[in-house]
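> First residue of the sequence shown: 199, per our numbering; consecutive thereafter. Dumping the structure here so I can ask a few things about it.
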Amino acid sequence: MSHQAVRKAVIPAAGFGTRMYPATKVLKKELMPIIDGDGRAKPIILAIVEEAISAGIEEIAIVVQQSDRDLFNDLFKSPPSPELAAKLSPDNQAYTKYLQSIGDRITILTQPEQMGFGHAVFCTQEWVNNQPFLLLLGDHVYTSNIAVSCAKQMVDIYQQFGTSIIGITVMNEDIIHKAGCIFGDWTKDEFVLEIKEIYEKPTLEYARQHLHVTGMPDEQYLGIFGMYILESDIFDLLANAIENQQLEAGEFQLTSCLDKLNKKYGAVAYQVQGQYYDTGMPLFYRQTMIDYYNYMKSIGNR
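Take a look at the structure:
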């Protein structure tokens, strides 16, 4: 098994954000603000990039629509206009330098057509260059229950097992139909699951019959956390799905390829000690604004 260091991260941000319309008519959902513990309004994508950096990631690819490249470049790679810079506080002037230092790590890639999450990941194949990579969602932010960030937990588990890792979390049965669900057996390693099946958005009936993990309460299942470390074998499976037009609801998805990845090459699931917060729907975004700020304030933005 490979034990390469995980140095790269991928963040797909090429969707249309239809669930946040009409705000997304003028502003990408990944660029909407979230409030940090110090009261600073930062774009959601910046919080996700910082999560990756907390795990020791050196290079980050953000996948966007062609028409949005300048927006993301402006955030990470361009200084503010002289007029704006002159009005910034000394603290915000220093923060500008911080943003540009992060920008040195970032590559903006393009998804030519918006054909789904799996297709967006596939667009990074050349950039990934046969290395293991951390995959984060472009509309999720994360908080950890322990001193180590969620992303660093994933990297540490990868270094231990040397195979693709899928982050999981406990989900109640009333929401499992909205998520990818993972079934398997717990291993002797705490919080690590040997995967037997990965299933996207199961009906409750299917989940009850096929996806309930022994030892868990009847109403609870293991859902995908929205954080992965994948080996480059995933690209062969994505390529095959694309070549054979294996569309799911009109798009090329990742979850079915993850199931094939597990069956062909092996993977493990890790129950991340933390929470994810969805910013891609209005009411979830509202709650995330509150919960994320309270968490970051409580830890002093460490």
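Idealized CB from N, CA, C, for every residue including glycine.
Scan the segment 358-417 and note each continuous alpha helix (DSSP H) run of 4 residues or more that stays entirely inside, going in chain order.
The segment 358-417 contains these whole alpha helix (DSSP H) runs: 402-408.
> If you count every other CB in all the chains shown that lies within 10 Å of the CB of Y296, and 16 or more means buried, which is it?
exposed
> Could you check if E441 is buried or exposed, using at least 16 other CB atoms within 10 Å of its CB as the buried criterion?
When all chains shown are included, E441 counts as exposed.
> By the DSSP assignment, the beta strand (DSSP E) with T308 in it spans what residues?
304-308
> Give, in chain order, every unbroken run of the alpha helix (DSSP H) that is at least 4 residues long and sits entirely within the segment 418-476.
431-441, 453-463
> How would you call T477, buried or exposed, if buried means at least 16 neighbouring beta carbons within 10 angstroms?
buried
> How big is the Cα-Cα spacing for V319 and Q358?
24 Å
> Could you tell me the distance, in whole angstroms, from the CA atom of S200 to the CA atom of A465?
For S200, the pLDDT reaches just 47, beneath the cut-off of 50, and the residue's location in the model is therefore unreliable, leaving the point undetermined.
> What is the residue span of the alpha helix (DSSP H) that V319 lies within?
It spans 315-320 - the alpha helix (DSSP H) in which V319 sits, taken as one unbroken run.
> Just the Cα atoms here: how many angstroms apart are E256 and V346?
18 Å
> Can you find the residues in the same chain that come closer than 6 Å, C-beta to C-beta, to G382, ignoring five residues on each side of it along the sequence?
L391, E392, I393, K394, listed in sequence order.
> Counting only the same chain and skipping the five closest in sequence on each side, list residues whose C-beta sits under 6 Å from that of A259.
Excluding residues within five positions, the ones whose Cβ falls inside 6 Å are V208, T305, L307, T322, W325.
> Indicate whether V368 and Y475 have their beta-carbon atoms separated by less than 8 Å.
no
> Which residues in the same chain have their Cβ closer than 7 Å to the Cβ of E417, if we skip the five residues on either side of it in sequence?
Correct list, in chain order: N370, E371.
> When the Cα of L332 is compared with those of M313, T341, M352, G314, which residue comes out closest?
Looking from the CA of L332, the closest CA among M313, T341, M352, G314 belongs to M352.
> Kindly indicate which three-state DSSP category A207 falls into: helix, strand or coil?
Correct three-state label for A207: strand.
> Using 10 angstroms around the beta-carbon of N460, count the other beta-carbons present and answer buried if the total reaches 16, otherwise exposed.
buried
> On the three-state DSSP scale, how would you describe V326?
helix
> Among D289, M494, L445, whose alpha-carbon lies nearest the alpha-carbon of Q473?
M494
> Which partner residues does E257 have in the DSSP bridge list?
K206
> Excluding five sequence neighbours on each side, which residues of the same chain lie with their C-beta closer than 8 Å to the C-beta of M487?
So the list reads I232, I233, once near-sequence residues are dropped.
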